[in-house]
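Engineer: Going down the list, the protein sequences come from chains E and B. To convert, take the position in the first sequence, counting from 1, and add 1; that gives this note's numbering. To convert, take the position in the second sequence, counting from 1, and add 1; that gives this note's numbering. One structure follows; several queries about it will come next.
2 protein chains.
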Amino acid sequence: MPKVVDHDRRRVELVEATWRIIARHGIEGATMRDIAAEAGFANGALKPYFPTKDDLLAFAFSHVFSQTSRRMTEATVDRSGLGALRAYCLEILPLDDIRISEARIVIPFWQKALTDAAKAELHASAMLQWRNTICDHLQEARAAGELRTPLPDEDLAGLLMNLVLGAQITAVLSPVENSPDRLVAQLDACLRLITEGR
Amino acid sequence: MPKVVDHDRRRVELVEATWRIIARHGIEGATMRDIAAEAGFANGALKPYFPTKDDLLAFAFSHVFSQTSRRMTEATVDRSGLGALRAYCLEILPLDDIRISEARIVIPFWQKALTDAAKAELHASAMLQWRNTICDHLQEARAAGELRTPLPDEDLAGLLMNLVLGAQITAVLSPVENSPDRLVAQLDACLRLITEGR
DNA sequence: TTCTTTTTTCTATAGTTGTAGAACCATAGG
DNA sequence: CCTATGGTTCTACAACTATAGAAAAAAGAA
Numbered sequence: 002m003p004k005v006v007d008h009d010r011r012r013v014e015l016v017e018a019t020w021r022i023i024a025r026h027g028i029e030g031a032t033m034r035d036i037a038a039e040a041g042f043a044n045g046a047l048k049p050y051f052p053t054k055d056d057l058l059a060f061a062f063s064h065v066f067s068q069t070s071r072r073m074t075e076a077t078v079d080r081s082g083l084g085a086l087r088a089y090c091l092e093i094l095p096l097d098d099i100r101i102s103e104a105r106i107v108i109p110f111w112q113k114a115l116t117d118a119a120k121a122e123l124h125a126s127a128m129l130q131w132r133n134t135i136c137d138h139l140q141e142a143r144a145a146g147e148l149r150t151p152l153p154d155e156d157l158a159g160l161l162m163n164l165v166l167g168a169q170i171t172a173v174l175s176p177v178e179n180s181p182d183r184l185v186a187q188l189d190a191c192l193r194l195i196t197e198g199r
Numbered sequence: 002m003p004k005v006v007d008h009d010r011r012r013v014e015l016v017e018a019t020w021r022i023i024a025r026h027g028i029e030g031a032t033m034r035d036i037a038a039e040a041g042f043a044n045g046a047l048k049p050y051f052p053t054k055d056d057l058l059a060f061a062f063s064h065v066f067s068q069t070s071r072r073m074t075e076a077t078v079d080r081s082g083l084g085a086l087r088a089y090c091l092e093i094l095p096l097d098d099i100r101i102s103e104a105r106i107v108i109p110f111w112q113k114a115l116t117d118a119a120k121a122e123l124h125a126s127a128m129l130q131w132r133n134t135i136c137d138h139l140q141e142a143r144a145a146g147e148l149r150t151p152l153p154d155e156d157l158a159g160l161l162m163n164l165v166l167g168a169q170i171t172a173v174l175s176p177v178e179n180s181p182d183r184l185v186a187q188l189d190a191c192l193r194l195i196t197e198g199r
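So, in structure tokens, the structure goes:
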């Protein structure tokens, strides 16, 4: 029996190399050759793990969502209501280098999803999950009396979703007006308005 | 003297063909050949008007912003304060087919701007202009007593900007939860919260 | 008609990309 | 030490792209 590698682990390594390339040179610079080189391999070494480039990209994108989702559930595990809501949204906002890189990966993903049904489906399901969690926390907040606005939770959730998704764009393309502290200020402004409303 | 064409007009025609292609098949399907065919020409006919593909795309993208900006100033010409603010934002929200197409063009543009300094600059200046106009309307609203929240205008403007930019994404990729009336409801919820806050 | 100038088409080219697959390598068991 | 087998490299190829530029076409002026 010769050298044997953990295929799942290798797949993750390759995906991380893909992320680095996309974050650094954009999706157009993410050729199979460059990704392989970034991971320390030659061109054809990716094929056993990802038969086609689309397989690699699809896995890379879905891995971003699982990573973000995992962070979000960790951040809210010992909270509820408004506190959970804030922690949840903070975990999506591009406040540090890692999450700014994620934004640089998600934007090309949106562009791909525009003409790729499978990626659109992946996006839809991830967004639905986030949205439902936000709604849950809003209801907790209402139950705890933290929230008295008559505006429906669905609209508030949509508002927050659009806010954090818009932040992915502005944090990367207008970093001066949307520095981390500004983004947090915007989120807190939004949450304060929601709790004040009656 | 032979047939002579209006170069500026032709450039706009070509840009509109480009938009149609991008909206229909995505930016990856927008090859010079396909764009030329969509405009009713053969491959090389574009060169006199746009020497390179990047020239064409840059002009196409900047044209989207001027079109949107023109619509926005038209919609606010006889309003001020909160009314102007609402009309202004409504003009960005992807509420009809035209503006949904614009969203399908802007998303690839963001992706290009990630690795193209000229396009990033174009985006930054357009966003700064929108942002300043929103701030102006917020100040008008304050002066008219429509607004009493102590939250700074900059944060409110950033909030609204992120909201409408996020709507570009969700309207296209999660149309069910972000149908036109839902988006308007979200905007109105946000505006109502802003005016209620104190 | 014929000429002149603008516009358009068409063909060619150089470069890049994803993918395939043969050749090569490395390693653990006998 | 040998060998079977999973892993890796390398070369090749076919498709596609943007771009260049020569050739053709069109259309008003003389």
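Quick reminder that beta carbons are idealized off the backbone N, C-alpha and C, glycines included. Keep in mind it's a predicted model, so treat the numbers as computed, not measured.
What residue range is occupied by the uninterrupted alpha helix (DSSP H) comprising Asp156 of chain B?
Structural biologist: 154-174 is the extent of the alpha helix (DSSP H) around Asp156 of chain B.
Engineer: Out of B:Ala190, B:Arg12, B:Thr196, B:Ala168, point me to the one whose CA is closest to Ser180 of chain B's CA.
Structural biologist: B:Ala168
Engineer: Would you kindly work out how many angstroms separate the C-alpha atoms of Gly30 of chain E and Asp117 of chain B, rounded to a whole number?
Structural biologist: 12 Å
Engineer: Would you mind stating whether Thr77 of chain E and Ala88 of chain E have Cβ atoms separated by less than 7 Å?
Structural biologist: yes
Engineer: If you check the beta carbons only, do Ile106 of chain B and Val65 of chain B fall under 7 Å apart?
Structural biologist: Contact flag set, yes.
Engineer: Taking 7 Å as the CB-CB cut-off, is Gly198 of chain E touching chain B?
Structural biologist: True, the Cβ-Cβ gap to chain B drops below 7 Å.
Engineer: Verify the CB distance criterion: does Asn44 of chain E have a CB-CB separation below 7 Å to chain B?
Structural biologist: With 7 Å as the cut-off, Asn44 of chain E does not count as an interface residue toward chain B.
Engineer: Listed from N- to C-terminal order along the chain, which residues in the stretch 9-29 of chain E have their beta-carbon within a distance smaller than 8 Å of any beta-carbon of chain B?
Structural biologist: His26, Gly27, Ile28, Glu29
Engineer: Can you tell me whether Ile99 of chain E is buried or exposed? The criterion is at least 16 other CB atoms within 10 Å of its CB, across all chains shown.
Structural biologist: By the C-beta density criterion, Ile99 of chain E is exposed, having fewer than 16 other C-beta atoms within 10 angstroms.
Engineer: Going by DSSP in three states, Glu147 of chain E sits in which element: helix, strand or coil?
Structural biologist: coil
Engineer: Kindly list, in the order they appear in chain B, the residues whose Cβ is closer than 9 Å to that of Asn179 of chain E.
Structural biologist: Gly159, Met162, Asn163
Engineer: Return the residues of the stretch 181-195 of chain B that lie within a Cβ-Cβ distance of less than 9 Å from chain E, sorted by chain order.
Structural biologist: Arg183, Leu184, Ala186, Gln187, Leu188, Asp189, Ala190, Cys191, Arg193, Leu194, Ile195
Engineer: Does His138 of chain E get closer than 7 Å to chain B when you measure Cβ to Cβ?
Structural biologist: no
Engineer: Using a C-beta to C-beta distance shorter than 7 Å, which residues of chain E count as neighbours of Ser175 of chain B?
Structural biologist: Ala125, Met128
Engineer: Mind checking Ala85 of chain E: buried by the 16 CB within 10 Å criterion, or exposed?
Structural biologist: A residue is called buried when at least 16 other Cβ atoms come within 10 angstroms of its Cβ; Ala85 of chain E meets this threshold and is buried.
Engineer: Please list the partners that Trp131 of chain E has in chain B, where partner means a Cβ-to-Cβ separation under 9 Å.
Structural biologist: Neighbours of Trp131 of chain E on chain B: none; closest Cβ ~10 Å, over 9 Å.
Engineer: For Leu115 of chain B and chain E, any beta-carbon pair shorter than 7 Å?
Structural biologist: yes
Engineer: Going by C-alpha to C-alpha distance, which of E:Leu123, E:Glu122, E:Glu92, E:Arg10 sits closest to Ile135 of chain E?
Structural biologist: E:Glu92
Engineer: Would you mind giving the Cβ-Cβ distance between Trp111 of chain B and Leu174 of chain E, rounded to the nearest angstrom? I have them listed as a contact below 8 Å.
Structural biologist: 7 Å
Engineer: Please state the DSSP three-state secondary structure of Asn133 of chain E.
Structural biologist: helix
Engineer: With H, G and I counted as helix, E and B as strand and the rest as coil, what does DSSP make of Leu115 of chain E?
Structural biologist: coil
Engineer: Is there contact here, the stretch 148-161 of chain B with the stretch 182-199 of chain B, by at least three beta-carbon pairs under 8 Å?
Structural biologist: By the Cβ test, the stretch 148-161 of chain B is in contact with the stretch 182-199 of chain B, since at least three Cβ pairs between them sit closer than 8 Å.
Engineer: Can you tell me whether Val16 of chain B is buried or exposed, with buried defined as 16 or more other CB within 10 angstroms of its CB?
Structural biologist: buried
Engineer: Measuring alpha carbon to alpha carbon, tell me which of B:Gln130, B:Leu115, B:Leu184, B:Gly41 ends up nearest His26 of chain E.
Structural biologist: Just measuring C-alpha positions, the residue of B:Gln130, B:Leu115, B:Leu184, B:Gly41 sitting nearest His26 of chain E is B:Leu115.
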